[in-house]
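Participant:
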Amino acid sequence: MARVLSKSTYSSLLDTVHKLPYRNRVQTLRKLFPHVSVDTIKCVVAQECQRRMKCSHGRLTSSETIEVMYNRYTNSILMGEEPGILLRLSDEVGLTPALLARSIVERHYQRQDKSKPAKLLVSTLMKNTALIDDRDLAFESYLCLLEDDEYGPIAEATKQSLGYEYEVRLRMELEKSQITFLHEDHLRAKGYDKTPDIKLEIPVAIDGQVINWIESKALFGDDEVHRGYLKDQLYSYWNRFGPGLVIYWFGFVEDLEKIHQNRIILIREKLPTNMVLMEQNPPVFIPTEAYPIDGS
Numbered sequence: 010m011a012r013v014l015s016k017s018t019y020s021s022l023l024d025t026v027h028k029l030p031y032r033n034r035v036q037t038l039r040k041l042f043p044h045v046s047v048d049t050i051k052c053v054v055a056q057e058c059q060r061r062m063k064c065s066h067g068r069l070t071s072s073e074t075i076e077v078m079y080n081r082y083t084n085s086i087l088m089g090e091e092p093g094i095l096l097r098l099s100d101e102v103g104l105t106p107a108l109l110a111r112s113i114v115e116r117h118y119q120r121q122d123k124s125k126p127a128k129l130l131v132s133t134l135m136k137n138t139a140l141i142d143d144r145d146l147a148f149e150s151y152l153c154l155l156e157d158d159e160y161g162p163i164a165e166a167t168k169q170s171l172g173y174e175y176e177v178r179l180r181m182e183l184e185k186s187q188i189t190f191l192h193e194d195h196l197r198a199k200g201y202d203k204t205p206d207i208k209l210e211i212p213v214a215i216d217g218q219v220i221n222w223i224e225s226k227a228l229f230g231d232d233e234v235h236r237g238y239l240k241d242q243l244y245s246y247w248n249r250f251g252p253g254l255v256i257y258w259f260g261f262v263e264d265l266e267k268i269h270q271n272r273i274i275l276i277r278e279k280l281p282t283n284m285v286l287m288e289q290n291p292p293v294f295i296p297t298e299a300y301p302i303d304g305s
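Heads up: the sequence shown begins at 10 in my numbering, then just goes up one per residue.
1. Looking at the strands, I want to know which residues DSSP matches up with I7.
2. R116 to I94, Cα distance in whole Å?
3. Could you round the C-beta distance between I211 and W222 to whole angstroms and report it? I think they count as a contact, below 8 Å.
4. Have a look at H44 and T37 and give me their C-alpha separation to the nearest angstrom.
5. Where do the N-terminal and C-terminal ends of the beta strand (DSSP E) with L191 fall, by residue?
6. Straight-line CA distance for L41 to Y31?
7. Looking only at C-alpha atoms, which of Y160, L209 and K16 sits nearest to E184?
8. Going by other Cβ atoms of all chains shown within 10 Å of its Cβ, with 16 needed for buried, is D241 buried or exposed?
9. DSSP three-state call for F42: helix, strand or coil?
10. Note down the Cα distance separating R97 from I50, rounded to an integer number of angstroms.
11. Give every residue of the same chain whose Cβ lies closer than 6 Å to the Cβ of Y118, excluding the five residues on either side of it in the sequence, and list them in chain order.
12. Compare the C-alpha of E176 against each of I256, L155 and V77 and name the closest.
13. Three or more C-beta pairs under 8 Å: does that hold for the stretch 102-111 against the stretch 149-163?
14. When the Cα of S20 is compared with those of L69, E263 and L179, which residue comes out closest?
15. Would you mind giving the Cβ-Cβ distance between L171 and A227, rounded to the nearest angstrom? I have them listed as a contact below 8 Å.
16. Over the uninterrupted alpha helix (DSSP H) stretch that includes P162, give me the two end residues.
17. Just to confirm my understanding: we take F148, look at its own chain, exclude 5 residues before and 5 after, and list those with CB closer than 8 Å. What are they?
18. CB-CB under 6 Å to D303, same chain, minus the five flanking residues each way: which ones, in chain order?
19. Using the three-state DSSP reduction, which class does E298 fall into: helix, strand or coil?
20. Taking its Cβ as the centre, do 16 or more other Cβ atoms sit within 10 Å of Y173, making it buried, or is it exposed?
21. Just the C-alpha distance for I86 and D145, rounded to the nearest angstrom, thanks.
Put into structure tokens, the structure is as follows:
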């Protein structure tokens, strides 16, 4: 199954994602793109959903819009509709289930002067919906959290666990290859502020290119994602440690390395098996030019 996608395949995948409803998109995409890894499809869908929510969240959660949806919800409860009211409303309006549930809970706890409840209260209720004082709303919110793969405490815990899982996998594979390294916790203990996941104590060569550090990303690397990481993290690693490697475990768009121009940062979807251990006491990397961290 492919994880490295051509630009045309990735563009076609995104176009299809935009035409499908929020839930159950992965099953449809698996049939339409049988050659693409299901993990890659899931990741592309998740990232595109997050981008869409950033653009439309403000509009979909305005006071007027939430008031209309809250009234529809309460009317549906009074009419005795079957559970899943908020899920069906989520499909209709285009707001993810967890974000919709949070907005409805905020409206439910709205003060008499129409001011919103404290964010800490709402966050606590979303983490434990059993604390919501309305039985129907508690159950409806719980269903929303279960169905949302991108937002809410369940989704966030899953993402954090997945990221750590792949960091541990990377460490285990390096140890199996008998490559010595320092991980992020070691580097922070030494006083580094921005640190890659792995700093190799002895550099290795991959496809003829020496690398000094490795960054693990349990997601799909497209142009927008990668440029963001370059600005926030990767260029600072390059300035400090020299050339490195980024692993996008769920794949990436081909030719992504061309963004770096003459700054060498390799991109792979797994740890290469053709690593060549360099001799000890290698030459110290000194950048030939000074680059600002933001890559400009």
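The beta carbon of each residue, even a glycine, is placed where N, CA and C say it ideally should be.
Facilitator: Inspection of the coordinates gives the following:
1. Outside the shown range of the chain (10 to 305) lies residue 7, about which nothing can therefore be said.
2. So the alpha carbons of these two residues sit roughly 16 Å apart.
3. Contact doesn't hold; Cβ gap of about 12 Å is too wide.
4. Answer to the nearest angstrom: the Cα atoms are 13 Å apart.
5. Run containing L191: F190 to H192, per the beta strand (DSSP E) assignment.
6. One C-alpha to the other measures close to 16 Å.
7. The option with the nearest alpha carbon to E184 is L209.
8. So D241 ends up on the exposed side.
9. Coil.
10. Distance between the alpha carbons of R97 and I50: 24 Å.
11. Result list for Y118: P126, in chain order.
12. Considering only alpha carbons, the answer is I256.
13. The stretch 102-111 is in contact with the stretch 149-163.
14. Per the C-alpha coordinates, the member of L69, E263 and L179 positioned closest to S20 is E263.
15. The Cβ separation is near 5 Å, so the contact holds.
16. Segment P162 to K185, the alpha helix (DSSP H) holding P162.
17. Taken in chain order, the residues that qualify are P92 and T138.
18. Here D303 scores only 49 on pLDDT, less than 50, and its place in the model should not be relied on; the value that follows carries that caveat. Contacts found: K240.
19. For E298, the predicted structure reports a pLDDT of 47, less than 50, and the residue's modelled location is therefore unreliable. The matter cannot be settled from this model.
20. Counting the other CB atoms within 10 Å of its CB gives Y173 a total below 16, which places it among the exposed residues.
21. Roughly 8 Å separates the two Cα atoms.
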